[in-house]
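Chains as they are written, first to last, in the working numbering: chain V, 2 to 118; chain W, 161 to 271.
Ideal placement from N, C-alpha and C gives every residue a C-beta, glycine not left out.
As structure tokens, the structure follows; a few thoughts come after it.
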């Protein structure tokens, strides 16, 4: 069964450093998302991406964040200068788009645990 | 308008019992209501989902009940098993928009 994969599974970084989280969405999916989950809290939307551009972003997704689909298969989330409060699980998700324009279910990857020291 | 409220926060059920988790939403434009199951250290996995044109959907031991007029939907887990012990999130979205998640319910099923 096709699945969303994410690397690394765990990333530890110093405050102020840049990190890049990588995702490989399911191959025929066209809509991509990043979410994050602070330990013990609910899953929060960060950004959605379609047709090589951001469709929507949340208040959390400030100028320190960026997304890219560099090569047609990978989907990356970059945090330019990490803060302590960026420590969380980051989940990538992807979905198929029906011809009606509505989205199929979102499939989530296993997540990257980011720890900022 | 964008919130999804979920209750209870935690639930303890005996093996074989029925687990019921409730969610309420405000935005009447939402047209997709999934339930996700999450085990510790793992990503959310889609369990079952419903669209507002039906009032109930059943898949095995899992049933979603949907009340459009009350803007509420619930997950029923019949014959709950210890392997069902996990955190359950309801969510809602409109079209291709982001999922708005509830706050989660930690279910523990004791043998």
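Candidates the options: closest to residue i by CA position
i, options, result
"residue 168 (chain W)", "W:263, W:269, W:246 and W:271", "W:263"
"residue 1 (chain V)", "V:77, V:79, V:113 and V:86", "An answer regarding residue 1 (chain V) cannot be provided, because it is not within the stretch 2 to 118 covered by chain V."
"residue 232 (chain W)", "W:238, W:224 and W:203", "W:224"
"residue 57 (chain V)", "W:164, W:200, W:258 and W:269", "W:258"
"residue 106 (chain V)", "W:204, W:267 and W:236", "W:204"
"residue 213 (chain W)", "W:188, W:206, W:236 and W:200", "W:188"
"residue 198 (chain W)", "W:270, W:261 and W:247", "W:247"
"residue 72 (chain V)", "V:24, V:44, V:14 and V:3", "V:24"
"residue 162 (chain W)", "W:260, W:171 and W:216", "W:260"
"residue 244 (chain W)", "W:179, W:166, W:165 and W:164", "W:179"
"residue 74 (chain V)", "V:80, V:81 and V:95", "V:95"
"residue 249 (chain W)", "W:241, W:238 and W:267", "W:267"
"residue 77 (chain V)", "V:12, V:67 and V:45", "V:67"
"residue 182 (chain W)", "W:200, W:218, W:206 and W:165", "W:165"
Cβ-Cβ separation, residue j to residue i (assumed contact under 8 Å), whole Å
i, j, result
"residue 256 (chain W)", "residue 36 (chain V)", "Not confirmed; about 15 Å, so no contact."
"residue 90 (chain V)", "residue 18 (chain V)", "Between residue 18 (chain V) and residue 90 (chain V) the Cβ distance is about 18 Å, and since that is not below 8 Å, they are no contact."
"residue 21 (chain V)", "residue 3 (chain V)", "Residue 21 (chain V) to residue 3 (chain V), Cβ: 23 Å. No contact."
Straight-line gap, residue i to residue j (C-alpha atoms, nearest Å)
i, j, result
"residue 111 (chain V)", "residue 229 (chain W)", "36 Å"
"residue 192 (chain W)", "residue 52 (chain V)", "22 Å"
"residue 221 (chain W)", "residue 64 (chain V)", "45 Å"
"residue 88 (chain V)", "residue 117 (chain V)", "5 Å"
"residue 42 (chain V)", "residue 29 (chain V)", "31 Å"
"residue 184 (chain W)", "residue 6 (chain V)", "32 Å"
"residue 133 (chain V)", "residue 265 (chain W)", "As displayed, chain V neither begins before 2 nor continues past 118, which places residue 133 (chain V) out of reach and without an answer."
"residue 251 (chain W)", "residue 97 (chain V)", "18 Å"
"residue 269 (chain W)", "residue 194 (chain W)", "22 Å"
"residue 271 (chain W)", "residue 81 (chain V)", "48 Å"
"residue 215 (chain W)", "residue 226 (chain W)", "5 Å"
"residue 211 (chain W)", "residue 190 (chain W)", "9 Å"
"residue 61 (chain V)", "residue 234 (chain W)", "29 Å"
"residue 172 (chain W)", "residue 70 (chain V)", "43 Å"
"residue 49 (chain V)", "residue 242 (chain W)", "35 Å"
"residue 46 (chain V)", "residue 34 (chain V)", "8 Å"
"residue 83 (chain V)", "residue 15 (chain V)", "8 Å"
"residue 12 (chain V)", "residue 177 (chain W)", "40 Å"
"residue 208 (chain W)", "residue 86 (chain V)", "32 Å"
"residue 219 (chain W)", "residue 236 (chain W)", "11 Å"
"residue 202 (chain W)", "residue 55 (chain V)", "26 Å"
"residue 44 (chain V)", "residue 59 (chain V)", "13 Å"
Delimiting residues of the beta strand (DSSP E) encompassing residue i
i, result
"residue 44 (chain V)", "Unbroken run through residue 44 (chain V): none, as it is neither H nor E."
"residue 207 (chain W)", "205 to 210"
"residue 107 (chain V)", "Careful: residue 107 (chain V) lies outside any beta strand (DSSP E) and carries neither H nor E."
"residue 12 (chain V)", "11 to 14"
"residue 113 (chain V)", "113 to 117"
"residue 182 (chain W)", "179 to 185"
"residue 236 (chain W)", "232 to 237"
"residue 36 (chain V)", "32 to 38"
"residue 6 (chain V)", "6 to 8"
"residue 227 (chain W)", "222 to 227"
"residue 193 (chain W)", "193 to 198"
Which runs of the beta strand (DSSP E) spanning at least 3 residues fall entirely within the region 242 to 266 of chain W, listed in chain order? Listed in chain order, they are 246 to 252.
Threshold first: 3 residues or longer. Then list the beta strand (DSSP E) segments lying entirely within the region 75 to 104 of chain V, N to C. Taking 3 residues as the shortest admissible run, the region 75 to 104 of chain V contains the following complete beta strand (DSSP E) segments, listed from N- to C-terminal end: 76 to 80 and 89 to 96.
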